[in-house]
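Okay, structure first, notes after.
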Amino acid sequence: GRTALVIHGGAGFVPKESLSAADEKEYRATLRLALDAGNAVLQRGGPAIDAVEASIRVLEESPRFNAGKGAVFNAKGGHELDAAIMEGHTLRAGAVAGVTTVRSPIKLARAVMEHSPHVMLAGPGAEAFADTQKDIERVPNSWFDTPMRRRQLEEAQRKEAEQKAAVIEGDDGNVRRYLG
Amino acid sequence: TVGAVALDKAGHIAAGTSTGGMTNKRWGRVGDSPIIGAGTWADDRCGVSGTGWGEYYIRTNAARDICARVEYRGDSLQAAADEVINRIIPAMGGDGGAIALDRDGNIAMPFNSGSMFRAWIRPDGSSGVAIHE
Numbered sequence: 011g012r013t014a015l016v017i018h019g020g021a022g023f024v025p026k027e028s029l030s031a032a033d034e035k036e037y038r039a040t041l042r043l044a045l046d047a048g049n050a051v052l053q054r055g056g057p058a059i060d061a062v063e064a065s066i067r068v069l070e071e072s073p074r075f076n077a078g079k080g081a082v083f084n085a086k087g088g089h090e091l092d093a094a095i096m097e098g099h100t101l102r103a104g105a106v107a108g109v110t111t112v113r114s115p116i117k118l119a120r121a122v123m124e125h126s127p128h129v130m131l132a133g134p135g136a137e138a139f140a141d142t143q144k145d146i147e148r149v150p151n152s153w154f155d156t157p158m159r160r161r162q163l164e165e166a167q168r169k170e171a172e173q174k175a176a177v178i179e180g181d182d183g184n185v186r187r188y189l190g
Numbered sequence: 136t137v138g139a140v141a142l143d144k145a146g147h148i149a150a151g152t153s154t155g156g157m158t159n160k161r162w163g164r165v166g167d168s169p170i171i172g173a174g175t176w177a178d179d180r181c182g183v184s185g186t187g188w189g190e191y192y193i194r195t196n197a198a199r200d201i202c203a204r205v206e207y208r209g210d211s212l213q214a215a216a217d218e219v220i221n222r223i224i225p226a227m228g229g230d231g232g233a234i235a236l237d238r239d240g241n242i243a244m245p246f247n248s249g250s251m252f253r254a255w256i257r258p259d260g261s262s263g264v265a266i267h268e
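First to last, the protein sequences are chains A and B.
Per this note's numbering, the very first residue in the first sequence carries number 11; after that it's consecutive.
Per this note's numbering, the very first residue in the second sequence carries number 136; after that it's consecutive.
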């Protein structure tokens, strides 16, 4: 049995010159750590789904990536986290949307898959399901905060306000932009 | 957004995705990540985790579309992933990337947004980490 693993930490417009050498080194080291965590599972004969969870949990714990600790802020200044996991040979799947107090959303998604008849639970329903599960760690919503994400929210809201002002000043009303 | 796709020694594939969504998103907005078939998919020959403008991944059923192309048409994983991520989604106005893995251990990592943080280990043991390149 040959194994393989691929992971990502998000795609976006991150110009190379915007990353300091130290930042880039940190990003690469964390990706390598996540890769190693998943690959360790595979090398000892563990199932693919364990490898996926192991890799993602490393990235969820890192403040540099937009999942778990370090997740972006929503327009209300809080965090709503989503996750899904799927097992190919059985087509079993589990997902959660809009959870606010679950430290590892991927772990809760897997619990939905393994311990409920459902595929997806959202918001308060997902939180209530988490209440029934052992080993689902809970944290205050502010635990996900990071200064970098706070700055990004402030910048996004400043731009949004500027765009709204531009529309009021006589735009053609056909602005292609995304406001969440 | 973060994600992972794995192939184990039994030949089984799994995929997962976790995200905080988009900065300044409207509260209650759900992106593609938890939508099975849009941002996350795995079957017995292919797995995908996406990252990008979620509404487009939902509307194109992006992750499942990649694997369906492999399953129904016999497309290579690379061709299927490139078609969905780098042609169909941008043609609609979306952007982003995805990681994909098939049961032979082939890996595809297309993206069209300038960068995608990613890492991989192939069946031959070769591995890498990349951001922009």
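C-beta atoms are modelled at their ideal positions from N, C-alpha and C, and glycine is treated no differently.
Listed along chain B, the residues sitting closer than 9 Å to A:T13 by beta-carbon distance are A141, L142, D143, K144, G240, I256, P258. At a cut-off of 8 Å between beta-carbon atoms, B:D178 makes contact with chain A. The straight-line gap separating the alpha-carbon atoms of B:A254 and A:A61 is approximately 14 Å.
With respect to the 8 Å criterion, B:T152 and B:S184 are classified as neighbours on the basis of their beta carbons.
When Cβ-Cβ separations below 8 Å define contact, B:G166 makes contact with chain A. With contacts defined as CB atoms closer than 8 Å, A:A105 and A:V129 qualify as a contacting pair.
Pairing B:R208 with A:A77, the inter-Cα distance amounts to about 34 Å. Put simply, the CB of B:G229 is far from chain A, with every gap to its CB atoms at 8 Å or more. Your pair B:G138 and B:T186 checks out as a contact, with CB atoms roughly 6 Å apart and the cut at 8 Å. Per DSSP, B:M251 is one residue of the beta strand (DSSP E) stretching across 250-256. DSSP places B:K160 in the strand class (E or B) of the three-state scheme. Linking B:W188 to A:L52 through their CA atoms gives a straight-line distance of about 31 Å. Judged by their CB atoms, B:I148 and A:A64 are not nearer to each other than the 8 Å cut-off.
With a cut-off of 8 Å on Cβ pairs, the region 79-87 of chain A is not in contact with the region 13-33 of chain A, counting fewer than three such pairs. DSSP, reduced to helix, strand and coil, places A:L52 within a helical segment of the structure shown. In terms of Cα proximity to B:I220, the closest of B:D210, B:V205, B:N247 is B:N247. For a cut-off of 8 Å, the C-beta gap from B:G166 to B:G182 is around 19 Å, too long to register as a contact.
The beta carbon of B:R180 sits closer than 8 Å to the beta carbons of I148, C202, V205, E206, D237, R238 from its chain, once the five residues preceding and following it are set aside; these are given in chain order. Distance from A:V112 to A:A140 at the Cβ level is roughly 5 Å; contact confirmed, criterion being Cβ atoms closer than 8 Å. F154, R159, Q162, L163, E165, A166, Q167: these are the residues of the region 134-168 of chain A whose beta carbon lies less than 9 Å from some beta carbon of chain B, given in chain order. If you compare the alpha carbons of A:G11, A:R12, A:E36 with that of B:I266, the shortest gap goes to A:E36.
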